[in-house]
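Chains as they are written, first to last, in our numbering: chain A, 24 to 220; chain B, 24 to 220. We treat Cβ as the ideally placed atom computed from N, Cα and C, and that holds for glycine.
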DNA sequence: TTTATTTTAGTACAATCGTACAAAAAAATC
DNA sequence: GATTTTTTTGTACGATTGTACTAAAATAAA
């Protein structure tokens, strides 16, 4: 991949993120993205096989950024209790610090790209996201620090924590001036209490 | 409104719900809905001012059905603790019993109809949905049965409960054979513990 | 400098969709 | 039964979108 190729792809992806975050997925046509990037529509088609590839790139880069942010912070913790706290804290911090990218991905996921339009709420992806939480919970049970969780009750707990985080993201979209710190403290409290022995 | 008018509107709304729930919002064109209802596209235009009015009708009917299901069940409870339990239980039961309608509304809300395509996550609507939960929490604090909640920490708790319910709905979409009873029990447990004094 | 390759611009095309509309059919009214 | 109103059908139109394509421009190679 040439220098220009890489630079253009990066520029286009960046511009697509901004466009989707600002005007929403529906209005984010290739023409609109090109207009904002001040390039011709044909340039996008030249550097990306199709629109789907461009949008997928947004999601891919997002998950890489997310994982590089979250993983090391959790691994730095010793007790499951601290790991759960840091998981919540770092997720909310990541969202608050990368609003445009997060909002764009939410648009893409909720509007179900890659799919043929059918209902398909990215079943497999969600599993991968749940695993780290389930691991923390299992560890906490194993060490006798959390209350008893069966495999399936741990799954419900993991889903609930994930939903709380994703729900915070939505709330932040609605209320950009939200007090992130306070929201974080409350969520940590809620799930600290509800996992306690 | 004539008899035919009412019947046709009901039929079209019903068919639109089925279509959206089955093939997703993107594929649910007026042509597709008409085809499934075995009527001409023009009939829909005749009975509804535009597509937006048809889709709004789906949401309106949904909230009426939801409210008539939930409200009396909560009012039948005496203690805030029981009210919270019943709120969660009846919400999950309602979702499980009205999957198609719920899925259709989720499609509409997540794809943001009525809006001009811009990001606008129905801010006002969510407020109304949160109020009953916040009331239950306030009552529980007042009666000394729940732990201390400030106005804003009660709001976070209410949001978290709502997100848990909405997240359950998404999970049910992904996994139709989900054990609803068990999921319900777990959620009740989680929020019983985390509101306890 | 000349030639070859990559990159860009701009246009054209096919497909899709919501809506408008005219004529036919059905139902209601007298 | 005739007439008026309501309802339905089917088609056409304008707008939008992603993609294909051609020619021009820019860059790299010779």
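Of all Cβ atoms in chain A, is any one closer than 8 Å to the Cβ of residue i?
i	result
residue 140 of chain B	Bear in mind that the predicted position of residue 140 of chain B carries a pLDDT of just 41, short of 50, making it unreliable; the figure below should be weighed with that in mind. It does; some Cβ of chain A falls within 8 Å.
residue 217 of chain B	yes
residue 87 of chain B	no
residue 114 of chain B	no
residue 121 of chain B	no
residue 28 of chain B	no
residue 175 of chain B	yes
Who are the Cβ neighbours of residue i in its own chain at under 8 Å, not counting the five residues just before and after it?
i	result
residue 44 of chain B	122, 123, 124, 126, 127 and 130
residue 188 of chain B	111, 114, 115, 118 and 210
residue 55 of chain A	42 and 46
residue 27 of chain B	none
residue 97 of chain B	106, 109, 110, 113, 155 and 159
residue 178 of chain A	153 and 157
Suppose the cutoff is 7 Å on Cβ atoms and the five residues either side in sequence are ignored; what does the same chain contact list for residue i look like?
i	result
residue 172 of chain A	160, 164 and 180
residue 34 of chain A	60
residue 92 of chain A	113 and 117
residue 192 of chain A	118, 125 and 129
Check whether chain B comes within 8 Å of residue i, counting only Cβ atoms and requiring the distance to be less than that.
i	result
residue 73 of chain A	no
residue 42 of chain A	no
residue 183 of chain A	yes
residue 209 of chain A	yes
residue 163 of chain A	no
residue 190 of chain A	yes
residue 66 of chain A	no
residue 180 of chain A	yes
residue 79 of chain A	no
residue 194 of chain A	yes
residue 56 of chain A	no
residue 205 of chain A	yes
Would you mind giving the Cβ-Cβ distance between residue i and residue j, rounded to the nearest angstrom? I have them listed as a contact below 8 Å.
i	j	result
residue 190 of chain B	residue 182 of chain A	6 Å
residue 87 of chain B	residue 39 of chain B	With 8 Å as the limit, residue 87 of chain B and residue 39 of chain B do not qualify as a contact, their Cβ atoms being about 16 Å apart.
residue 67 of chain B	residue 53 of chain B	5 Å
residue 205 of chain A	residue 175 of chain B	6 Å
residue 84 of chain A	residue 36 of chain A	7 Å
residue 132 of chain A	residue 185 of chain A	That belief does not hold up - the Cβ atoms of residue 132 of chain A and residue 185 of chain A are roughly 13 Å apart, past 8 Å.
residue 134 of chain B	residue 134 of chain A	6 Å
residue 220 of chain B	residue 169 of chain B	6 Å
Which word fits residue i, buried or exposed, when buried means at least 16 other C-beta atoms lie within 10 angstroms of its C-beta?
i	result
residue 30 of chain B	exposed
residue 72 of chain B	exposed
residue 95 of chain B	exposed
residue 217 of chain B	buried
residue 103 of chain B	buried
residue 70 of chain B	buried
residue 99 of chain B	exposed
residue 196 of chain B	buried
Which residues in the same chain as residue i place their Cβ atom closer than 6 Å to its Cβ, once the five residues preceding and following it in sequence are excluded?
i	result
residue 167 of chain A	none
I want to check one thing, is the minimum distance from the CB of residue i to the heavy atoms of the ligand ADP below 7 Å?
i	result
residue 153 of chain B	The model depicted lacks the ligand ADP and carries no ligand whatsoever.
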